[in-house]
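So the sequence shown is numbered by the numbering used here: it starts at 9 and just counts up by one.
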Amino acid sequence: EFEIYPGWTGGAGRRPAPFSPNTRHHKGLIGYDGELKPAFGLVRDRYRRTPLYP
């Protein structure tokens, strides 16, 4: 996650009040509340299957 530059109001149109303005990218695998996002399990499984030293 990271903040977009100051003054950014989002680029995808209007959002409901709790989500406006959209000034932060939320691309992590774990939310700020600790909840695992849907891709977490997939990424974890792929990391586990990837050999460290091929």
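Quick reminder that beta carbons are idealized off the backbone N, C-alpha and C, glycines included. Fair warning: this is a prediction, and the values are worked out from it, not measured in the lab.
Given residue i as reference, the closest of the options once Cα atoms are compared
i	options	result
residue 35	46, 25 and 26	46
residue 50	25, 26, 38 and 24	38
Cross-strand partners of residue i (DSSP beta bridge)
i	result
residue 60	For residue 60, which the question treats as bridged, DSSP gives no partner whatsoever.
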